[in-house]
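Structure first, commentary second.
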Amino acid sequence: MFGGARIEMIKCLCGAWVHPRDYHRSWCLCRPCAQFAKFRLDEIEPLWPQLMTACKLTIRHYGTLYTPRIVGIYSRDGLDVLTIAVVPGQTRADYARHISRMAETFGVRRVTVRAGLKPGLVVLHLHQGDPLSAVVKPLPVPMVPDFTALPMGRRESGQTWTLRLHGGHCLVVGASDAGKGSFVQSFMRSVAGGIAAGTVRVVGFDPKGGMEMAGVAPLLARFLCDGAAEMADALEEEVTVLNERTVALRGRTRQHVATVEEPKRIILIDELATLTAYGDKKTTDRVKAALALILTKGRAAGIHVVALVQDGRKEVVPLRNLFAIRVGLRMVEPAEVDLVLGENARDRGALCDLIPRSMPGVGYVVDGDADPERIRIGYPTDADIDALVAEYTPAYAGQEH
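Counted from 1, the sequence shown has number 189 at position 189 by my numbering; the numbering is strictly sequential.
What follows is the structure, encoded as structure tokens:
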């Protein structure tokens, strides 16, 4: 069934690959791990040939049937990891198209597909439970924001998910009640230390009337919620600052360093489409022109855009490709996923359209790595927001800064 060998190796949690001839001897090193891996293999292996046939991943060539082989397994904390030797001519995308079939066959919550350590291998992650099922409490506020790692929530691995805003600009896309509000509140927590110190300046744009950002308004250097023309003016003012900084930095340094005199400037926009697609043409053209300059030149000058939107289509967010970091929360249609997170993102595991309404804040992040990463954003309560504002409101509150 597997080319004469039942399985080439079993990996146990001590980190060693265990070959069949050494299997019983390996128990003295990590017997419970090896035992459980073997138990899971005994469950999975009988289902494998039929599953591969149903997925049309077996190939017949000159009368010989070739079947992908399981060549490694380890199991821990509700996760089974299978290493698969693919049939020549197959790619990871061929397996990603069948993750729903695999999940049903193995009786697990979901399956994700990753690249193997070398060509000819793919790795299947069989998730028996969901480590992101519980609401994530808000993370501690860092005294000094690290823009290479702003704490925002939790990764599926259990580690802290951090936003790497230093590398560019961030676009967050999600349906109504998908968790965009939690993103705004968690982001403000992550930079509040810098706001209080004067090294971070956040300008908030809330064209829907101000309800989403009202709770953190005292932390904002400027809060705009009435009038698209006024918001276009504000963005053009940021372009002026950008041009001045670019001239000042030319020949001295390649990267802006935040100080009280020249703080890191964050443009935080809730419902970007209201400014880029749904207003009068003259104003939307001004907004798009200003944003295009900031998105292409702002990073080196210490000016970053964090924008949120419900609809990530190109005609709604024409500058979508200028956002290096993209977060996909719950979406309505499968086709939206690739439009927002990039080609084949859904095949690579970003199942934004399958996120249930009962799990706001769950999403997938693409920030330059090969695969989308599943995360859950922290959920600050109203009391958490009030405490944040009370402790970190800067001295210039109530004034334009």
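We put the CB at the ideal spot given by N, CA and C, even for glycine.
Use the C-beta contact count for residue i: other C-beta atoms within 10 angstroms, 16 or more gives buried, fewer gives exposed.
| i | result |
| --- | --- |
| E238 | buried |
| E156 | buried |
| L272 | buried |
| V287 | buried |
| L242 | buried |
| D270 | buried |
| K180 | buried |
| H61 | exposed |
| T83 | buried |
| R101 | exposed |
| S133 | exposed |
| A96 | buried |
| L388 | buried |
| D177 | exposed |
| P207 | buried |
| L418 | Nothing about residue 418 can be reported from this structure: the residues present for the chain run from 1 to 401 only. |
| G227 | exposed |
| P68 | buried |
| A54 | exposed |
| R154 | buried |
| L165 | buried |
| S312 | It is Gly, not Ser, that sits at residue 312 in the sequence shown. By the 10 Å Cβ count, G312 comes out buried. |
Could you compute how far the alpha carbon of residue i sits from the alpha carbon of residue j?
| i | j | result |
| --- | --- | --- |
| A277 | E336 | 17 Å |
| G279 | S358 | 33 Å |
| E315 | L339 | 11 Å |
| G368 | V327 | 12 Å |
| L163 | L65 | 47 Å |
| R110 | G116 | 19 Å |
| T259 | G198 | 8 Å |
| E43 | E391 | 54 Å |
| N321 | G63 | 48 Å |
| V257 | G302 | 7 Å |
| P119 | D146 | 36 Å |
| R92 | E45 | 20 Å |
| G385 | M213 | Checking the displayed sequence, the identity of residue 385 turns out to be Ile instead of Gly. Looking at the two C-alpha atoms, the distance is approximately 11 Å. |
| V203 | G107 | 48 Å |
| G129 | R346 | 20 Å |
| V144 | G194 | 6 Å |
| I99 | E244 | 51 Å |
| T160 | A289 | 36 Å |
| A175 | V332 | 7 Å |
| E262 | Q255 | 12 Å |
Give me the residue from the options with the minimum Cα distance to residue i.
| i | options | result |
| --- | --- | --- |
| Q185 | M211, A395, A103 and Y62 | M211 |
| R201 | A248, P151, K264 and A149 | K264 |
| R374 | D233, A324, H125 and V108 | H125 |
| L121 | H127, G153 and I73 | I73 |
| V317 | P151, R330, V108 and A292 | A292 |
| A383 | D347, V216, T240 and G129 | V216 |
| C170 | M152, G89, A248 and V108 | M152 |
| V173 | E343, V309, D347 and R252 | V309 |
| L57 | L79, L341, P88 and E244 | P88 |
| A149 | H127, F187, G158 and R313 | F187 |
| V86 | C352, V123, R252 and G78 | V123 |
Tell me whether the beta-carbon of residue i lies closer than 8 Å to the beta-carbon of residue j.
| i | j | result |
| --- | --- | --- |
| L295 | L275 | no |
| P394 | A196 | yes |
| L219 | A192 | yes |
| P360 | R189 | no |
| L139 | G349 | no |
| V362 | P372 | no |
| A229 | T283 | yes |
| T246 | K281 | no |
| T112 | L51 | no |
| V136 | R376 | yes |
| G209 | R299 | no |
| I355 | V306 | no |
| R114 | D80 | no |
| L268 | F183 | no |
With which residues is residue i paired in a DSSP beta bridge?
| i | result |
| --- | --- |
| P140 | Answer is none; P140 lacks a bridge partner. |
| W161 | G153 |
| A115 | V122 |
| K264 | V200 |
| S75 | D80 |
| T64 | H61 |
| C170 | V306 and I325 |
| R110 | H127 |
| A390 | Beta-bridge pairing links A390 to no other residue. |
| G363 | I375 |
| D270 | L308 |
| R252 | In the DSSP output, where bridge partners are listed per residue, R252 has none listed. |
| F223 | G204 |
| A85 | R69 and L121 |
At a cut-off of 7 Å, would you count residue i as near the ligand SAH, judging by its Cβ distance to the nearest heavy atom?
| i | result |
| --- | --- |
| E343 | The ligand SAH is not part of the structure shown, which contains no ligands of any sort. |
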